[in-house]
Structures are given as structure tokens and as C-alpha cells.
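See below for the structure under consideration.
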Amino acid sequence: ADADAEEEDDDEEGPKQAIPNSEFEPNMAAPFDAANAIIWDLDGTLADTTTLGFTSTNAVLAEAGHAEVTLEEYRRGTRYATPQRMALHARGDVDHEDGIELARRFDEMYVKLVTTDTAGFFPDVFEVVEALHKRGVNQGVLSNACTEYAREVMIVNGASKMMRAISGADAVPEVKPSPKGLLQVAEKCYSHPRLCCYVGDSPSDGVAASAAGMMSVGVPWGSHSREELEGSFDKVVDDPKQLMRLLLPVDAPIRGWSHRK
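One point on numbering: in this note's numbering, the residue at position 203 of the sequence shown is 203, and numbering is uninterrupted.
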């Protein structure tokens with residue numbers, strides 16, 4: 001476990017899948033450079049983990065006697081937490097009870113396989129995280145994967161110490177697109193939701209941010225194209241360098257603050 005990120009309490013009943021909000025109205029005037037906390041999605045946003053997740057998914061499905069999925073089917077499933085995603089792949093129903101055991105096997109397998117080769121950050125993304133940290137902007141991670149996995153990915157990439165909180169689906173009341181996880185992480189980052197920005201690669205990330213009252217930025221280097229993201233985020237960027245300019249203009253003042261207990 002990473003001692004530098006706050007411990008999360010597992011939800012004994014497991015994560016609950018919220019119903020997406022179909023009504024999204026982007027705030028096109030969102031003051032991104034005024035955010036004092038940036039919360040990151042993990043897979044497809046910070047880290048390039050598609051191959052790891054895809055191969056681990058098919059290994060678990062095959063071992064359990066289910067048909068393997070295509071890469072496109074895997075990508076479509078990544079908007080769900082692991083139990084719902086595995087249930088969808090195996091049974092075509094996100095609520096099927098088989099998803100719980102399949103997710104347990106999946107988590108057990110892929111957490112052990114995390115390295116910089118299998119779960120390294122996308123090019124230039126670490127530099128954005130590091131620059132925000134140096135400017136005093138508090139940061140956190142909210143993933144629909146399990147917390148142990150999220151922590152391990154951040155550790156191997158040398159970014160865990162820059163995070164106020166690292167939370168997975170097992171550490172929040174409801175998984176995305178519910179806003180509850182984001183609100184929980186915002187509190188751990190000592191920030192009001194209106195001063196937070198969530199960065200993600202799935203339309204459901206934008207929906208969750210909107211429901212939480214946060215700014216949102218979509219990134220197209222993960223599982224979804226720019227066209228798929230537009231309309232679900234306040235802003236969609238093309239690459240990490242553009243994200244850096246959006247969140248940290250050259251003349252941006254030091255605006256974060258560190259909480260000391």
C-alpha cells in the first residue's frame with residue numbers, strides 16, 4: 001500500500017452502478033486556470049493500459065468458459081466498473097451476478113501485472129502532473145477500477161506522492177457516472193467542487209463531473225475519439241501539451257494550498 005496517499009474504506013456491499021444523466025450542458029466559460037484541484041481518471045487518461053486490461057479480461061473470460069471479447073467490445077465496456085463490465089462481457093447484462101466473481105479474478109490477475117511497460121503514463125502526461133504539483137495544485141485520482149490497482153499504477157509511474165487521494169470503485173458509494181466519488185475525492189483534496197476540474201477519457205467522466213458541479217476536460221488519447229467526447233465535457237483537448245496550457249497558463253500564479261493536520 002502507498003503510505004503517501006490517504007487510505008480508502010471499502011464499501012462492504014460493493015460499488016453501485018448509477019444511471020447516466022442524459023442531460024448535459026457544458027459550461028463553456030469554465031475558468032480552468034482557476035481550479036485549485038485537478039482530479040484524474042486513470043485508464044486511458046493518465047496511463048496507457050488498454051493492452052493490459054484487454055488481455056487480462058480475455059484470460060479471465062476464457063478460464064471461466066466464456067467467449068473472448070474484441071478490442072472494440074472491451075473499449076465500450078470500460079465506461080463501467082469492473083464487476084459490471086465483466087458481467088456485460090460474459091452475460092450481456094451489467095447486473096448479472098457472475099460479474100462479481102469474474103471481477104475478483106480480474107483484479108487478482110492484473111494488479112500483479114502492473115509495470116511501466118504494461119501501465120505506463122502516456123507521453124507528456126507525467127510532465128503535466130508534475131507541473132501542477134510544483135504550482136501547488138492539489139491532485140487526486142478517481143478510477144472505476146479497484147483502489148489497489150490505481151495505487152500500483154501511480155506508484156510505478158512515480159506519481160503517487162503527488163496525489164492527495166487515490167480512489168477506486170471499491171472506495172466510493174457509487175461508481176461513475178455518479179458524482180459521489182468525485183465529491184469524496186474533492187473533499188480529500190481540500191477543495192470545493194466548483195474549484196475542481198476532472199480530466200477523463202470517457203463520456204461518463206464528463207457526465208459525472210457535471211453532476212458534481214465540477215469543470216471537466218476530455219482527452220481523446222484513450223478509449224474515445226474527440227467526436228465521442230464533445231458534448232459531454234466543458235472542453236476537449238488534443239494532446240497533453242494543450243492540456244498543460246489550459247490548466248497552467250504561463251503566467252498562472254501559485255494558487256493551491258497545502259493542508260496540514
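For every residue, glycine included, the Cβ atom is placed at its ideal position computed from N, Cα and C. Please read all numbers here as calculations on a predicted model, not as lab measurements.
Is residue i buried or exposed, if buried means 16 or more other CB atoms sit within 10 Å of its CB?
{"i": "Pro15", "result": "Confidence is the limiting factor: at Pro15 the pLDDT is only 42, short of 50, which leaves the residue's position unreliable and the question unanswerable from this model."}
{"i": "Ala67", "result": "exposed"}
{"i": "Leu248", "result": "buried"}
{"i": "Ser167", "result": "buried"}
{"i": "Asp201", "result": "buried"}
{"i": "Thr51", "result": "exposed"}
{"i": "Gln17", "result": "Bear in mind that a pLDDT of 42 at Gln17, under 50, signals an unreliable position, so the model cannot answer this."}
{"i": "Pro31", "result": "exposed"}
{"i": "Glu108", "result": "exposed"}
{"i": "Ala150", "result": "buried"}
{"i": "Glu227", "result": "exposed"}
{"i": "Gly231", "result": "exposed"}
{"i": "Ala37", "result": "buried"}
{"i": "Ala87", "result": "buried"}
{"i": "Glu148", "result": "buried"}
{"i": "Gly218", "result": "buried"}
{"i": "Ser225", "result": "exposed"}
{"i": "Gly92", "result": "exposed"}
If I'm right that residue i touches residue j with Cβ under 8 Å, what's the distance once you round it to whole angstroms?
{"i": "Val153", "j": "Ala119", "result": "5 Å"}
{"i": "Gly206", "j": "Ser216", "result": "5 Å"}
{"i": "Ala212", "j": "Pro193", "result": "5 Å"}
{"i": "His96", "j": "Val69", "result": "Going by Cβ atoms, the distance from His96 to Val69 rounds to 15 Å, so no, they are not a contact pair."}
{"i": "Cys146", "j": "Ala35", "result": "That belief does not hold up - the Cβ atoms of Cys146 and Ala35 are roughly 27 Å apart, past 8 Å."}
{"i": "Gly65", "j": "Pro83", "result": "Rounded, the Cβ-Cβ distance is 18 Å, inconsistent with contact."}
{"i": "Ser223", "j": "Thr49", "result": "About 10 Å separates the two Cβ atoms, so there is no contact after all."}
Candidates the options: which alpha carbon is nearest residue i's?
{"i": "Arg105", "options": "Arg85, Asp239, Pro123, His133", "result": "Arg85"}
{"i": "Asn157", "options": "Trp221, Val114, Arg245", "result": "Val114"}
{"i": "Ala59", "options": "Arg91, Gly44, Asp48, Tyr110", "result": "Tyr110"}
{"i": "Pro220", "options": "Asp33, Asp238, Asp98", "result": "Asp238"}
{"i": "Met203", "options": "Ala37, Ala35, Lys161, Asp41", "result": "The question names Met, but residue 203 in the sequence shown is Pro. With distances taken between Cα atoms, Pro203 lies closest to Asp41."}
{"i": "Asp43", "options": "Ala81, Arg226, Asp33", "result": "Ala81"}
{"i": "His133", "options": "Ser160, Asp107, Glu108, Tyr149", "result": "Ser160"}
{"i": "Thr45", "options": "Glu108, Thr57, Val128, Ser178", "result": "Val128"}
{"i": "Asp234", "options": "Thr57, Gly136, Met214, Tyr149", "result": "Met214"}
{"i": "Leu102", "options": "Thr78, Thr57, Val137", "result": "Thr57"}
{"i": "Asp117", "options": "Ala47, Pro177, Asn138", "result": "Ala47"}
{"i": "Cys189", "options": "Glu63, Gly136, Phe54", "result": "Gly136"}
{"i": "Ser39", "options": "Pro240, Gly92, Leu229, Val199", "result": "In the sequence under discussion, the amino acid at residue 39 is Ile, which differs from the Ser named in the question. Minimum Cα distance to Ile39 is reached at Val199."}
{"i": "Lys112", "options": "Val94, Gly53, Ala131", "result": "Gly53"}
Would you identify the three-state DSSP class for residue i, choosing helix, strand or coil?
{"i": "Lys235", "result": "strand"}
{"i": "Gly99", "result": "helix"}
{"i": "Val217", "result": "strand"}
{"i": "Ala150", "result": "helix"}
{"i": "Asp43", "result": "strand"}
{"i": "Ala145", "result": "coil"}
{"i": "Tyr80", "result": "coil"}
{"i": "Pro249", "result": "coil"}
{"i": "Glu228", "result": "helix"}
{"i": "Ser191", "result": "coil"}
{"i": "Glu127", "result": "helix"}
{"i": "Ala159", "result": "coil"}
{"i": "Glu174", "result": "strand"}
{"i": "Gln242", "result": "helix"}
{"i": "Val199", "result": "strand"}
{"i": "Ser167", "result": "strand"}
{"i": "Gly120", "result": "coil"}
{"i": "Asn138", "result": "strand"}
Beta-carbon of residue i versus every beta-carbon of chain B: anything under 8 Å?
{"i": "Lys176", "result": "Going by chain labels, chain B is absent from the structure shown, which holds only one protein chain."}
- contact_flag[the segment 183-190, the segment 63-74] where n(CB pairs < 8 Å) is 3 or more: Judged by Cβ distances under 8 Å, the segment 183-190 makes no contact with the segment 63-74, as fewer than three pairs qualify.
- Message: For the structure I just gave you, are there three or more beta carbon pairs, one from the segment 234-245 and one from the segment 118-132, closer than 8 Å?
- Response: With a cut-off of 8 Å, the segment 118-132 and the segment 234-245 count as touching, because enough Cβ pairs lie within range.
- Query: Okay, do the segment 165-176 and the segment 128-147 touch, 3+ Cβ pairs below 8 Å being the bar?
  - Reply: Short answer: they touch.
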